[in-house]
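*Asks:* Take this structure first; my questions come after.
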Amino acid sequence: MPRAIQTVGWVARTGPFLERCRERYGDVFSVRIAQEGTWVMLANPEHVRQVFTGDPKVFHAGEANAILRPVVGPNSVLLLDEQQHMAQRKLLLPPFHGERMQRYVDVMREVAEREAGRWPHGEPLRLWPRMQAITLEVIMRAVFGMEEGTKLDRLRDTLRDSLDWAGHPTQMAFLALFGPERVGNFSEFRDRFAKVDALIYEEIRTRRVAEDLEERDDIMSLLLQARHEDGSPMSDVELRDELMTLLTAGHETTATALAWGIERLVRHPDKLERLREEASAGGDEYVDAVAKETLRLRPVIPIVVRRLTEPVEIGGYTIPAGWKVAPCIYLMHRHADVYAPDPTAFRPERFLEQPAGTYTWIPFGGGIRRCIGASFAVVEMKTVLAAIARTVDLRPVEAAGEHVVRRAITLTPNRGAEVIVGPRTTEEPRAGQAVAAA
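Every letter in the sequence shown is one number past the one before it in my numbering, and letter 421, counting from 1, is 526.
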């Protein structure tokens, strides 16, 4: 097909487009997308392994993520390669591991229970925007360590408005037509994000001189105390870019995954009930499986991309330098050889039967470029899903499942995960049951 037609297929009908290509060409095929050159899609575990374990000097992820530059900035860990990437990654990793990350669980639970307690009962409600409200609140409090108040409200509202504007189809059409460099220079784009930048820089300046900086455990305070190998601190511009990376990547993607999780659960009430029973008893094994199955069947991002700096042979093909190889999350997660007998079924039990594979379950990418916030995202999904299940009853507005549609670079539910909310009720035992229990 002409490049323009391929681009329309990729943007408007991502899943069917990829599935038709695999039916015709197998697990390795190339597509040509506007402003992106040529991508070679990979949906074979061995080929995915080859990319994720390949030489980072050859497989450049930063260059391949250039579309994100207008929002996250040039210093973002997502846009760096080789030594620059590794140096910045070392600074960002500590807040997302071990005891520090577990401290955010109480915040996640509190925010989710408070949000679910406000939902109107007995009328259709789109949960995707409500999940956005939860994840934005969580990531704002985790990153900035702010409690409720005017300052948090102002930063949250400004950031949400800017991201909603940037993710609108009109802006994405401009991005596809003109590319990230030119779009980032548009005056309206600069003006929108200048408001966010002003608030972030103000908070950076305030926090640098805070007397309690060393006692704080929010991500921003930890990054202010971090040091490069030469002993120098991160600059204000570096901090701004990394904070924007964490805010955008840690908000939109997790919100969408949560919306998909609920969209699937309400159409499988037996699985929702099992999750609720386990959550009420304090367990988390099944909700972990639900989170993994949701990310498998409804991945938020369909591919991860690496730009080749030199020719590479994969699957019997020599792929030239300058082309991009794309381990395809969407196709890998539906591979019949891996997820038999029914790879399109929502069945969390599969992850109780066998663990997720390193190169077959890849919602966060892999190798040294695996998403820094992967553990944070999974913990947040588990905590929020369990809290909602304990707080309210949910049922779908329509029996038919929701279709996948694209919003910016993410794949979202077409009706916004519509549900009917009801109060949690405990069924009273019948008379015979009561006597037997006594």
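Backbone N, C-alpha and C define an ideal beta-carbon position, used for all residues, glycine too. Keep in mind it's a predicted model, so treat the numbers as computed, not measured.
In the DSSP assignment, what residue or residues form a beta bridge with residue 135?
*Replies:* Start at 1 with the first residue of the sequence shown, and residue 135 comes out as number 30. Answer is 145.
*Asks:* Beta-carbon within less than 7 Å of residue 165's beta-carbon, same chain only, minus the 5 sequence neighbours each way: which residues are those?
*Replies:* Working through the sequence shown from its first residue, we reach residue 165 at position 60. These residues qualify, in order along the chain: 186, 411, 412, 414.
*Asks:* DSSP on residue 541, reduced to helix/strand/coil?
*Replies:* Mapped onto the sequence shown, residue 541 falls at position 436. Annotation note: pLDDT 38 at residue 541 (below 50); position unreliable, no value reported.
*Asks:* If you count every other CB in all the chains shown that lies within 10 Å of the CB of residue 407, and 16 or more means buried, which is it?
*Replies:* Translated into positions along the sequence shown, residue 407 becomes position 302. The residue is buried, with at least 16 neighbouring Cβ atoms inside 10 Å.
*Asks:* Out of curiosity, what's the CA-to-CA distance linking residue 202 and residue 189?
*Replies:* Locating residue 202 in the sequence shown gives position 97, where the first residue counts as 1. Locating residue 189 in the sequence shown gives position 84, where the first residue counts as 1. Looking at the two C-alpha atoms, the distance is approximately 21 Å.
*Asks:* Quick one: any contact between the stretch 347-359 and the stretch 447-458, if contact means 3 or more CB pairs under 8 Å?
*Replies:* Because the criterion of three Cβ pairs below 8 Å is not met, the stretch 347-359 and the stretch 447-458 do not touch.
*Asks:* Which one of 260, 293, 338, 296 has the shortest CA to CA distance from residue 307?
*Replies:* For the purposes of this step, residue 307 is taken as the residue at position 202 of the sequence shown. Comparing Cα positions, the closest option is 260.
*Asks:* What's the C-alpha gap between residue 219 and residue 257?
*Replies:* The count along the sequence shown starts at 1 and reaches residue 219 at position 114. The count along the sequence shown starts at 1 and reaches residue 257 at position 152. Straight-line Cα distance between these residues: approximately 17 Å.
*Asks:* May I have the straight-line CA-CA distance separating residue 110 from residue 433, to the nearest angstrom?
*Replies:* Sequence index remark: in the sequence shown, residue 110 carries index 5 (1-based). Sequence index remark: in the sequence shown, residue 433 carries index 328 (1-based). One C-alpha to the other measures close to 20 Å.
*Asks:* Taking all protein chains shown into account, decide if residue 487 is buried (16 or more other Cβ within 10 angstroms of its Cβ) or exposed.
*Replies:* Within the sequence shown, the letter at position 382 stands for residue 487. That one is buried.
*Asks:* Expressed to the nearest angstrom, what Euclidean distance is found between the alpha-carbon atoms of residue 478 and residue 529?
*Replies:* Along the sequence shown, read from residue 1 onward, the residue named residue 478 stands at position 373. Along the sequence shown, read from residue 1 onward, the residue named residue 529 stands at position 424. Distance between the alpha carbons of residue 478 and residue 529: 32 Å.
*Asks:* Taking three-plus beta-carbon pairs below 8 Å as touching, is the stretch 154-164 in contact with the stretch 461-479?
*Replies:* Flag = yes, the stretch 154-164 and the stretch 461-479 touch.
*Asks:* So what does residue 341 bridge to, in DSSP terms?
*Replies:* Locating residue 341 in the sequence shown gives position 236, counting from the first residue. Answer is none; residue 341 lacks a bridge partner.
*Asks:* Let me check one thing: in DSSP terms, what residues is residue 419 bridge-paired to?
*Replies:* Within the sequence shown, the letter at position 314 stands for residue 419. Note: residue 419 sits in a beta bridge opposite 422.
*Asks:* Hey, out of 330, 403, 366, whose CA is closest to residue 232's CA?
*Replies:* Within the sequence shown, numbered from 1, the residue matching residue 232 stands at position 127. When each option's Cα is compared against that of residue 232, the closest is 366.
*Asks:* Using a Cβ-Cβ cut-off of 8 Å (strictly less than) and excluding sequence neighbours within five positions of residue 342, which residues of its own chain qualify?
*Replies:* In the sequence shown, the residue the question calls residue 342 occupies position 237. Contacts found: 178, 180.
*Asks:* When you compare only the Cα positions, how much space is there between residue 199 and residue 171?
*Replies:* Counting from one through the sequence shown, the residue named residue 199 turns up at place 94. Counting from one through the sequence shown, the residue named residue 171 turns up at place 66. Their backbone Cα atoms lie some 26 Å apart in a straight line.
*Asks:* Which complete alpha helix (DSSP H) runs does the stretch 322-399 hold, if anything under 4 residues is left out?
*Replies:* Entirely contained in the stretch 322-399, the alpha helix (DSSP H) runs reaching 4 residues are, in chain order, 324-330, 341-354, 357-370, 374-385.
*Asks:* Could you give the distance in angstroms between the alpha-carbon of residue 173 and the alpha-carbon of residue 167?
*Replies:* Position 68 of the sequence shown, counted from the first residue, corresponds to residue 173. Position 62 of the sequence shown, counted from the first residue, corresponds to residue 167. Taking the straight line from one Cα to the other gives about 10 Å.
*Asks:* Check the C-beta distance from residue 234 over to residue 521 and give it rounded, since I have them as a contact under 8 Å.
*Replies:* Residue mapping note: residue 234 aligns to position 129 of the sequence shown, counting from 1. Residue mapping note: residue 521 aligns to position 416 of the sequence shown, counting from 1. Right, their Cβ atoms sit about 7 Å apart.
*Asks:* Since residue 333 and residue 526 should fall inside the 8 Å C-beta cutoff, what is the C-beta to C-beta distance between them, to a whole number of angstroms?
*Replies:* Residue numbering aside, residue 333 sits at position 228 when the sequence shown is read from its first letter. Residue numbering aside, residue 526 sits at position 421 when the sequence shown is read from its first letter. About 49 Å; that fails the 8 Å criterion.
*Asks:* Starting from residue 525, trace the beta strand (DSSP E) in both directions and tell me its first and last residue.
*Replies:* For the purposes of this step, residue 525 is identified with residue 420 of the sequence shown, where counting begins at 1. Residue 525 -> beta strand (DSSP E) spans 523-528.
*Asks:* Return the Cβ separation of residue 461 and residue 397 in integer angstroms, given the expectation that the two are a contact with Cβ distance under 8 Å.
*Replies:* For the purposes of this step, residue 461 is taken as residue 356 along the sequence shown, with counting starting at 1. For the purposes of this step, residue 397 is taken as residue 292 along the sequence shown, with counting starting at 1. Residue 461 to residue 397, Cβ: 6 Å. Contact.
*Asks:* If contact is defined by three or more beta carbon pairs under 8 Å, each pair taking one atom from either stretch, is the stretch 134-148 in contact with the stretch 418-433?
*Replies:* Segments in contact, yes.
*Asks:* What are the start and end residues of each continuous beta strand (DSSP E) run of 3 or more residues lying completely inside the stretch 448-529, in chain order?
*Replies:* Listed in chain order, they are 497-501, 509-512, 515-518, 523-528.
*Asks:* State the beta-bridge partners of residue 408 as determined by DSSP.
*Replies:* Taking the first residue of the sequence shown as 1, we reach residue 408 at position 303. In the DSSP output, where bridge partners are listed per residue, residue 408 has 433.
*Asks:* Roughly how many whole angstroms lie between the Cα atoms of residue 440 and residue 347?
*Replies:* Numbered from 1 along the sequence shown, position 335 holds the residue referred to as residue 440. Numbered from 1 along the sequence shown, position 242 holds the residue referred to as residue 347. Roughly 35 Å between the two C-alpha positions.
*Asks:* Can you give me the C-alpha to C-alpha distance between residue 262 and residue 423, rounded to a whole angstrom?
*Replies:* Along the sequence shown, one-based indexing puts residue 262 at 157. Along the sequence shown, one-based indexing puts residue 423 at 318. So the alpha carbons of these two residues sit roughly 48 Å apart.
*Asks:* Cα-Cα, which of 491, 138, 126, 124 is closest to residue 551?
*Replies:* Missing from the structure shown is residue 551; the chain here goes from 106 to 543 and no further.
*Asks:* Around the Cβ of residue 121, are there at least 16 other Cβ atoms within 10 angstroms (buried) or fewer (exposed)?
*Replies:* Here residue 121 refers to the residue found at position 16 when the sequence shown is read from its first residue. Looking at its Cβ environment, which holds fewer than 16 other Cβ atoms inside 10 Å, residue 121 is exposed.
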